[in-house]
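Asker: My questions all concern the structure below.
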């Protein structure tokens, strides 16, 4: 029997591993339309002195057939990564943040890039949910290729040069998988938003935004304000929203310094 497109399914997330097994564990979680391939430069950099696990999120890559909302997705993420420092970009940041809130025992540290705790305004949230539903239907109707052309042309990604390998991996995503991700794990599904939960986030947290990403620089500073003294904010030089793609060396350096700081005496 064919699985209905948005019926929850549970299975292990697809993962790729690199680096020495005895090194500090880092889990990388990509954004919407991406796959583990998007992390290639960062993974290569960090794998010299970290045990890196790169995850395909529900509806993407090798996890294409998995249907999960943010709560279920976070549970799957924790099962795939175990005890580690979790690094999430955009949609991946939502998954990593949910895991840190629900299972702090699994999260030794949290790094969020271009992420949010949700849309606070109910009217704006409802509008976003409707637009995501319409976009999901468009992906199913028109296919992945034309959708990616429109998606990557957004001002949000101005200046982003996607590698051929990354683009090929995005194109290999299925329309059904991407549509389910939008409907089940889009920003508007954080309802109610998670801002009131942030003071209870106990794990050390690094919030990042590209220096040219004005929206998420503001959001990032708000996140730190809500989380408190166990959090800090920094920007990725020369980058917009996708800082890990536009300046992977600087991004990897931020992660490496943060991981090292966790073992220093406090």
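Numbering (our numbering), first residue to last: 1124 to 1389. For each residue, glycine too, the CB sits at the ideal point set by N, CA and C. Keep in mind that this is a model prediction, so the values were computed, not measured.
1) Which same chain residues, not among the five before or five after residue 1278, have their C-beta less than 7 Å away from its C-beta?
2) Output needed for residue 1274: all residues of its chain with C-beta closer than 7 Å, excluding positions within five of it in sequence on either side, in chain order.
3) Between which two residues does the alpha helix (DSSP H) holding residue 1198 run?
4) Quickly, what does DSSP pair residue 1354 with across the bridge? List them, please.
5) Could you tell me whether the Cβ atoms of residue 1154 and residue 1212 are closer together than 8 Å?
6) Where do the N-terminal and C-terminal ends of the beta strand (DSSP E) with residue 1140 fall, by residue?
7) DSSP on residue 1256, reduced to helix/strand/coil?
8) Which residue marks the beginning of the alpha helix (DSSP H) containing residue 1223, and which one marks its end?
9) Note down the Cα distance separating residue 1352 from residue 1374, rounded to an integer number of angstroms.
10) Between residue 1314 and residue 1330, what straight-line distance do the alpha-carbon atoms span, to the nearest angstrom?
11) Taking the alpha-carbon positions, what's the residue 1363 to residue 1257 distance?
12) List, from N- to C-terminal side, the beta strand (DSSP E) runs of 3 residues or more that fit wholly inside the stretch 1272 to 1311.
13) Which stretch, first to last residue, makes up the alpha helix (DSSP H) that contains residue 1169?
14) Kindly indicate which three-state DSSP category residue 1190 falls into: helix, strand or coil?
15) Kindly list the residues whose CB is nearer than 8 Å to the CB of residue 1145, restricted to its own chain and excluding five residues on each side of it in sequence; keep chain order.
16) Express the C-alpha separation of residue 1335 and residue 1361 in angstroms, rounding to a whole number.
17) State the CB to CB distance for the pair residue 1307 and residue 1179, rounded to an integer number of angstroms; the pair is presumed to be in contact (CB under 8 Å).
18) Tell me whether residue 1207 sits in a helix, a strand or coil according to DSSP, three-state version.
Answerer: Answer, in terms of the structure:
1) Closer than 7 Å at Cβ, skipping near neighbours: no residue.
2) Taking residue 1274 as the centre and dropping the five residues before and after it, the same chain places the C-beta of 1156 closer than 7 Å to its C-beta, in chain order.
3) If you look at residue 1198, you'll find it in the alpha helix (DSSP H) that goes 1193 to 1204.
4) Under DSSP, residue 1354 takes part in a beta bridge, and its partners are 1328.
5) Contact flag set, yes.
6) First-last of the beta strand (DSSP E) with residue 1140: 1138 to 1141.
7) Three-state DSSP puts residue 1256 in a helix.
8) First-last of the alpha helix (DSSP H) with residue 1223: 1214 to 1225.
9) Per the coordinates, the alpha-carbon of residue 1352 lies some 22 Å from the alpha-carbon of residue 1374.
10) Each residue's Cα considered, the two are about 22 Å apart.
11) Each residue's alpha carbon lies about 26 Å from the other.
12) If we require 3 residues or more, the stretch 1272 to 1311 turns out to have no beta strand (DSSP E) run fully inside it.
13) Under the DSSP assignment, residue 1169 falls in the alpha helix (DSSP H) whose first and last residues are 1163 to 1169.
14) Reduced to three states, the DSSP call for residue 1190 is coil.
15) Once the five neighbours on either side are set aside, the close Cβ partners of residue 1145 are 1174.
16) About 7 Å.
17) At roughly 15 Å, the Cβ-Cβ gap does not stay under 8 Å, so residue 1307 and residue 1179 are not in contact.
18) The answer is strand: DSSP assigns residue 1207 an E or B state.
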